[in-house]
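Data first, discussion second: the structure below is written as structure tokens.
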Amino acid sequence: MTNEIQILAATAATIGFFHTLLGPDHYLPFIVMSKSGEWSLKKTALVTFLCGLGHVMSSVVLGFIGISLGIAVSKLEAFEAFRGSLAGWALLTFGLLYFIWGVRRAIQNKPHAHIHSHKGDFTHTHTHTHTQEHAHAHLNKNKKSITPWVLFTIFVFGPCEPLIPILMYPAAKNNISGVIIVTALFSLATIGTMMSIVIVSASGLNLLPLKKLERYSHAMAGAAIFLCGASIQFLGL
1 MTNEIQILAA TAATIGFFHT LLGPDHYLPF IVMSKSGEWS LKKTALVTFL
51 CGLGHVMSSV VLGFIGISLG IAVSKLEAFE AFRGSLAGWA LLTFGLLYFI
101 WGVRRAIQNK PHAHIHSHKG DFTHTHTHTH TQEHAHAHLN KNKKSITPWV
151 LFTIFVFGPC EPLIPILMYP AAKNNISGVI IVTALFSLAT IGTMMSIVIV
201 SASGLNLLPL KKLERYSHAM AGAAIFLCGA SIQFLGL
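All letters in the sequence shown, in the order written, are residues 1 to 237 by the numbering used here.
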């Protein structure tokens, strides 16, 4: 391994970590969807891993195609920017639609009381929600959700902006093994950081006493995802 590849390898791991850490869209959607969808920690970790893998591999494949065909890095950067814009709008749209659905669900699930009368003029009130009880009755019959697939599709479209121009193309000036090493380290750092943040945050969120806010969980998740999409589109995060 040449000195240049060693430097690029260290740079790849560092960029992968900070690129993920400073981009809340890499982990916030999984944290909020895990809570609102009542995902197990195993499912949360699996969805995060698969989305992270799709996110990285889409840029890796594009980078290898560009290197093999001798495509100018500027053209690949333009295409990555276009993909990033699509992913941002998709995340924003999904968040908005999920927020609207969550608000509607929260309104329908508003607790209300019934007064029950008994002999001896004794009465008591019983507070409950009809939609929540109905949802629980069918919860075990149909646990499948398209949400993980929606997130996976969005993350496949989302590019790893620094990977191709800063890491893959410079490494390709040495040899293909250098490209593989740099790419692997960037991928491990990115996916590892995503999973670490999501698992720790989701575990901590489950410990918080949020019982009164449970019926708003879908709306809050949608709002968080919408803000992630907006931060990509308008703030360049």
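Ideal Cβ placement from N, Cα and C applies to all residues, glycine included.
Beta carbon of residue i: closer than 8 Å to some heavy atom of the ligand SAH?
i	result
Met-57	Here there are no bound small molecules, and the ligand SAH is not part of this structure.
Under 9 Å between the Cβ atoms of residue i and residue j?
i	j	result
Lys-83	Phe-152	With the sequence shown as reference, residue 83 is identified as Arg, and Lys is not the correct amino acid for it. Not closer than 9 Å, so no.
Pro-24	Cys-228	yes
Ala-223	Phe-99	yes
Ile-154	Ala-90	yes
Leu-28	Ile-199	no
Gly-102	Ser-36	yes
Leu-189	Thr-14	The sequence shown places Ala at residue 189, not Leu. Going by C-beta atoms, Ala-189 is nearer than 9 Å to Thr-14.
Ala-9	Ile-181	yes
Glu-80	Leu-62	yes
Which term fits residue i, buried or exposed, when burial requires 16 or more other beta carbons within 10 angstroms of its beta carbon?
i	result
Phe-18	exposed
Trp-39	buried
Phe-242	Residue 242 lies beyond the residue range present for the chain, which begins at 1 and ends at 237; the question has no answer from this structure.
Pro-148	buried
Ile-5	buried
Thr-2	exposed
Leu-208	exposed
By the three-class DSSP mapping on this structure, what secondary structure does residue i have?
i	result
Glu-161	coil
Tyr-27	coil
Glu-214	helix
Asn-174	coil
Thr-147	helix
Leu-208	coil
Glu-38	coil
Gly-192	helix
Gly-84	helix
Asn-140	Reliability fails at Asn-140, whose pLDDT of 41 lies under 50, so the model's placement of it is uncertain and the value that follows must be treated cautiously. Three-state result, Asn-140: coil.
Checklist line | Every unbroken beta strand (DSSP E) within the segment 40-64, with a cutoff of 3 residues, ordered by chain | finding: Runs found: none.
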